[in-house]
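Student: I'd like to ask some things about the structure below.
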Ligand SMILES: [Cu+2]
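In our numbering, the protein residues as written are 3 to 159.
Following this line, the structure appears as structure tokens:
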């Protein structure tokens, strides 16, 4: 069967690209540790042992300067939407979605998460500078998406 020279070139290029993508996928998974949320992300271990219901939104202090936030995301709000902590505090966020995929991005920090229904997204951050940190949903989730926000208020000591 005759294959035109240009067609062969495109078939070869497509095959090479597939191999490059497969190698990149393997590298990001095996070397960089990039992965999808799995079974280990479905529970909140510390809350399971305590009196705090993971189906509610709450902030609790674990120790001086150490806080844990259980956050519920749904169209179109975060619960809790206001978190007040002293400067220097380290906060671990556990975020669940009650409906569809949302995002969670805290302004001027490295915290940026996808909130996938059935999974718990987790991030830990130390707020050293006092001030107000806006957090927003960064995944379009419907007509009220732009209202979906809250703030972390970091109070000076
Ligand atoms: Cu949204």
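Cβ coordinates follow ideal geometry from the N, Cα and C atoms, glycine included.
#1: If you count every other CB in all the chains shown that lies within 10 Å of the CB of residue 9, and 16 or more means buried, which is it?
#2: List the residues that DSSP assigns as beta-bridge partners of residue 3.
#3: Under 7 angstroms, do residue 104 and residue 117 count as touching if we go by C-beta distance?
#4: Using the DSSP secondary-structure output, state which residues sit across from residue 84 in a beta bridge.
#5: Quick check on residue 120: buried or exposed, where buried means 16 or more other Cβ atoms within 10 Å of its Cβ?
#6: Who pairs with residue 63 in a beta bridge, going by DSSP?
#7: Spatial neighbours of residue 64 within its chain, please: C-beta separation below 7 angstroms, excluding the five flanking residues on both sides.
#8: Under a Cβ-count criterion, where at least 16 other Cβ atoms within 10 Å of its own Cβ denotes burial, should residue 26 be classed as buried or exposed?
#9: Would you check if the distance between the CB atom of residue 77 and the CB atom of residue 139 is smaller than 7 angstroms?
#10: By Cβ distance below 8 angstroms, which residues in the same chain neighbour residue 31 in space, the five residues on each side in sequence not counted?
#11: DSSP three-state label for residue 118, please.
#12: Taking all protein chains shown into account, do 16 or more other C-beta atoms lie within 10 angstroms of the C-beta of residue 108, making it buried, or fewer, making it exposed?
#13: Decide if residue 152 is buried, meaning its Cβ has at least 16 other Cβ atoms within 10 Å, or exposed.
Tutor: If we stick to the structure as given:
#1: That one is exposed.
#2: Secondary-structure assignment with DSSP links residue 3 through no beta bridge to anything.
#3: Cβ atoms of residue 104 and residue 117: closer than 7 angstroms.
#4: Assignment of beta-bridge partners to residue 84 by DSSP yields 153.
#5: Its Cβ having fewer than 16 others within 10 Å, residue 120 is exposed.
#6: According to DSSP, residue 63 bridges with 69.
#7: Excluding residues within five positions, the ones whose Cβ falls inside 7 angstroms are 70.
#8: Counting Cβ neighbours within 10 Å, residue 26 comes out exposed, since fewer than 16 surround it.
#9: No, Cβ-Cβ distance for residue 77 and residue 139 is not below 7 angstroms.
#10: These residues qualify, in order along the chain: 37.
#11: Look at residue 118 here: in three-state DSSP terms it is coil, with no helix or strand label.
#12: Buried: at least 16 other Cβ atoms inside 10 Å.
#13: That one is buried.
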